[in-house]
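Just below is one structure, and these are the notes that go with it.
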Amino acid sequence: MIKHHPDNDILTEHAAGTLALAPSVCVTLHLDSCEQCRRQYRRLQDLGSALFEQQPQEAVSAGLLDTVLARIEEEPEPLSYRQAGGDPDCPPLVQRLMQRDFEHLDWRRIGAGVQTCNLRTGDRKHEFALYHIRAGGSIPRHSHRGTEYTLVLEGSFSDESGHYAAGDFIQRDASHRHAPTATRDRDCICVGVLDAPVRFTDWRFRPLNPFLRLHAH
Amino acid sequence: MSNIPEAPAAARSAEQLNADLEKVGSARDREAFGRLFKHFAPLVKAFARSGSPLAASHAEELVQEVMIKVWQKADGYDARKASASTWIYAIARNCRTDMYRRLQKFDTPLSAEDIWPDNEGLELFTSVQLQRDATRIREMLGQLPRDQVQVLAKVYLEGKSQAEAAEELDLPLGTVKSRVRLAMAKLQLMVER
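As you go down the protein sequences, you meet chains R and W in turn. Numbering follows this note's numbering, in which position 68 of the first sequence is assigned residue number 68; successive positions increment by one, without gaps. Numbering follows this note's numbering, in which position 106 of the second sequence is assigned residue number 106; successive positions increment by one, without gaps.
The structure is reproduced here in structure tokens:
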């Protein structure tokens, strides 16, 4: 049961196309599993279309229709490019970003039982990373210098503020400090999107802080 | 042919436009496509020109792209689920987003269709309910105060964030946010959880 949703502002920006790419990916992944937000997204898109209809029309050049009809004639219709295949449990959107198998990604260890790897989305203002937390493992306690969006893909984790399961969308602002811990029964896989590097507050990891960079690419 | 828009008497109703789009999908009907073009191309052009100046200079290219997509995807259109206008607006938003990114040389493995898939995964029954909401939204939009519509238009048509809208209108961000909230409340678009 999904309990954590993007707020109305984020859904509006997503529907209007003004949300940055990396956070939008998290919203799309959330919508895949949340019917309630899919409905709301659809309403917000309908608002967009109502505004679109109200615009004053701008005349197009004479002959533009003929140009379009000619191009329809010439250009072959594209085949549906959403490729099948791959792991059915992994959302196609994430597979597209990974561009190889999960095991063969460039994983880095952070703390005991936690691995992370950055994926390239093209969004230069947001880092987009996968986190693989082994059952019972935790990410070292940290706070944020900016905003963090988290989307749980598989398994579940807890922190001081709650328990989060597959499909949950969590937004955290700068002040929040936490040490997300996966449940003991299974591994947890999440997407994390950051607009500034984290700051470790765990004394063992604090020395790393000056070297942390945003891997946005 | 001239650039003078036809008299409003020639305008087609929403139902007629939906039927035109279905005919394009099922029978590849070029006359129906011509009628859709006449109605929607000037709206798509306006939409292109209200976005970033970079894309505004390619407005008619966007019109071509959008209308070609309309032709190619029309067989997936279902008038019970969405009006032609909602369906074409979504294509226009997607194409405009991809065009911005191309023009800015924003290199990404994702296209707009990965972010906003066509299939919304809603049951037919739900879609029919949502169509009623859409009609209500359209009617209520006309009753909103001008300053609220102006802010919504900045976000949806000009593609601005609320912060950018505030800067442009020379208003505090809080004022812009509260106008959006008031508008959403009147349109019954606030979510309660």
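Glycine included, C-beta positions come from ideal geometry on N, C-alpha and C.
Close to alanine 153/W, with beta-carbon spacing below 9 Å, are these residues of chain R in chain order: Leu51, Gln54, Gln55. Only exposed fits glutamine 143/W, as fewer than 16 other CB atoms lie within 10 angstroms of its CB. In this structure, leucine 189/W and arginine 43/R form a Cβ contact; the two beta carbons are roughly 6 Å apart against a cut-off of 8 Å.
Closer than 8 Å at the C-beta level to chain R, one finds these residues of the segment 157-175 of chain W: Leu157, Gly159, Lys160, Ser161, Gln162. The Cβ of glutamine 45/R sits closer than 8 Å to at least one Cβ of chain W. Going by beta carbons, glutamate 160/R and histidine 178/R fall inside the 8 Å limit. Counting C-beta atoms within 10 angstroms of its own C-beta, glycine 162/R has fewer than 16 neighbours from the protein chains shown and is therefore classed as exposed.
Residue contact with chain R for proline 42/W: present (Cβ-Cβ distance below 8 Å to some residue of chain R). Taking a C-beta cut-off of 8 Å against chain R, the contacting residues of the segment 58-73 of chain W are Ala59, Glu60, Val63, Gln64, Met67, Ile68, Trp71, Gln72, listed in chain order.
For histidine 163/R, the enclosing beta strand (DSSP E) starts and ends at 162-165. Residue-level contact check: arginine 71/R touches chain W, since one or more beta carbons of chain W fall below 8 Å from its beta carbon. Annotated three-state conformation of arginine 186/R is coil, per DSSP. Looking only at Cys188/R, Asp101/R, Gln99/R, the smallest Cα-Cα distance to alanine 166/R is reached by Cys188/R. Think of a sphere of 9 Å around the beta carbon of glycine 121/W: the chain R residues whose beta carbon falls inside it are Leu31, Asp32, Glu35, Arg38, in chain order. At least one beta carbon of chain W lies nearer than 8 Å to the beta carbon of threonine 18/R.
Residues of chain R whose Cβ lies closer than 8 Å to the Cβ of aspartate 133/W are, in chain order, Arg43, Asp46. Taken in chain order, the unbroken stretches of beta strand (DSSP E) that lie wholly in the segment 107-133 of chain R and span 3 residues or more are 114-118, 127-133.
Taking a Cβ-Cβ cut-off of 8 Å, the neighbours of arginine 96/R in chain W comprise Pro109, Leu110, Asp114, given in sequence order.
Excluding its 5 nearest sequence neighbours in each direction, leucine 212/R has C-beta neighbours in its own chain below 7 Å: Pro197, Val198, listed in chain order. A straight-line Cα-Cα distance of about 19 Å links alanine 59/W and threonine 18/R. Aspartate 202/R carries a coil assignment under DSSP once its states are collapsed to helix, strand and coil. At a beta-carbon threshold of 9 Å, none of the residues of chain W lie near valine 191/R; the nearest stands roughly 14 Å away.
Taking the Cα of alanine 41/W as reference, the smallest distance to any Cα among Glu58/R, Glu13/R, Gly111/R is reached at Glu58/R. DSSP places glutamine 171/R in no alpha helix (DSSP H) but in the uninterrupted beta strand (DSSP E) bounded by 169-172.
Counting the other Cβ atoms within 10 Å of the Cβ of valine 27/R gives 16 or more, which makes it buried. Contact of alanine 185/W with chain R is not assigned, every C-beta pair being separated by 8 Å or more. For methionine 190/W, the chain R residues whose C-beta falls within less than 9 Å of its own C-beta are Asn8, listed in chain order.
Within the same chain, Leu187 come within 6 Å of isoleucine 137/W by CB-CB distance, once the 5 residues on both sides are set aside. The C-beta of serine 161/R comes no closer than 8 Å to any C-beta of chain W.
When the Cα atoms are used, serine 138/R and lysine 177/W turn out to be separated by approximately 37 Å. Nearest to serine 50/W by C-alpha distance, out of Val155/W, Leu182/W, Leu171/W, Ala185/W, is Val155/W. For threonine 183/R, the closest Cβ of chain W is not nearer than 8 Å.
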